[in-house]
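First residue of the sequence shown: 104, per the numbering used here; consecutive thereafter.
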Amino acid sequence: YTFPSHDLLPYLRWNQKHYTRTCVVRNGRFELLVICYESGQRTSIHDYDSTSAWVQPLMGDVMEERFQADPDGGIRLKQASRLTTGVPTALSRDSSIHRFTNAGVERAITLNLYAPPMSQWRVYDEHTGESRVREAGPPR
Numbered sequence: 104y105t106f107p108s109h110d111l112l113p114y115l116r117w118n119q120k121h122y123t124r125t126c127v128v129r130n131g132r133f134e135l136l137v138i139c140y141e142s143g144q145r146t147s148i149h150d151y152d153s154t155s156a157w158v159q160p161l162m163g164d165v166m167e168e169r170f171q172a173d174p175d176g177g178i179r180l181k182q183a184s185r186l187t188t189g190v191p192t193a194l195s196r197d198s199s200i201h202r203f204t205n206a207g208v209e210r211a212i213t214l215n216l217y218a219p220p221m222s223q224w225r226v227y228d229e230h231t232g233e234s235r236v237r238e239a240g241p242p243r
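Next up, the structure:
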């Protein structure tokens, strides 16, 4: 999939305070979201309890950080990498603690596919590793 595409223009929403999630399609088997990041914006450290995900950067300088749970209850950074525009990354159910950051000075966009649709996610405190489950809520 190449960007820019007129197909996605209606789903591009920007907010100076936080990244945005906009639903393209959702059914019982999957959901497809467009995520828009202003410079420096990032997700929380999180995972998807029972959902697999594929994330394809469409524009910008997107950094992916993957974390690992420690036996003592904390989390530690396992890997950090810059994603290549147009090349998807996969997050499986058993190794999906991660965070995405727009590391560039320009805007960034990712196309995210979740199967099955995400109903909740687990959010981690970066310093303590403590986590809590949050309802995903409907993307706008």
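For every residue, glycine included, the Cβ atom is placed at its ideal position computed from N, Cα and C.
Measure the Cβ-Cβ separation of residue i and residue j and say whether it is below 8 Å.
i, j, result
"SER155", "LEU186", "no"
"GLN223", "ARG237", "yes"
"VAL158", "THR123", "no"
"SER153", "ARG116", "no"
In angstroms, rounded to a whole number, what distance separates the CA positions of residue i and residue j?
i, j, result
"GLU209", "TYR140", "9 Å"
"GLY189", "ASP110", "16 Å"
"SER184", "GLY232", "21 Å"
"PRO174", "SER199", "16 Å"
"GLY207", "ASN118", "16 Å"
"VAL165", "ILE138", "11 Å"
"ASN130", "SER234", "28 Å"
"CYS126", "PRO220", "11 Å"
Check each candidate in the options and name the one with the smallest Cα separation from residue i.
i, options, result
"LEU112", "TYR151, PRO219, THR213, GLU168", "THR213"
"MET160", "ASN205, MET221, TYR227, ALA239", "Checking the displayed sequence, the identity of residue 160 turns out to be Pro instead of Met. Among ASN205, MET221, TYR227, ALA239, the Cα nearest to that of PRO160 is on ASN205."
"ASP228", "HIS149, LEU216, ASN215", "HIS149"
"HIS121", "THR146, GLY207, TYR217, HIS230", "THR146"
"MET162", "ALA211, TYR151, ARG225, TYR114", "ALA211"
Is it buried or exposed for residue i, if we count other Cβ within 10 angstroms and need 16 for buried?
i, result
"ASN215", "buried"
"GLY143", "exposed"
"ALA218", "exposed"
"VAL128", "exposed"
Practice problem: Examine the Cβ distances between the segment 127-135 and the segment 169-188 and report whether three or more of them are shorter than 8 Å. | Solution: no
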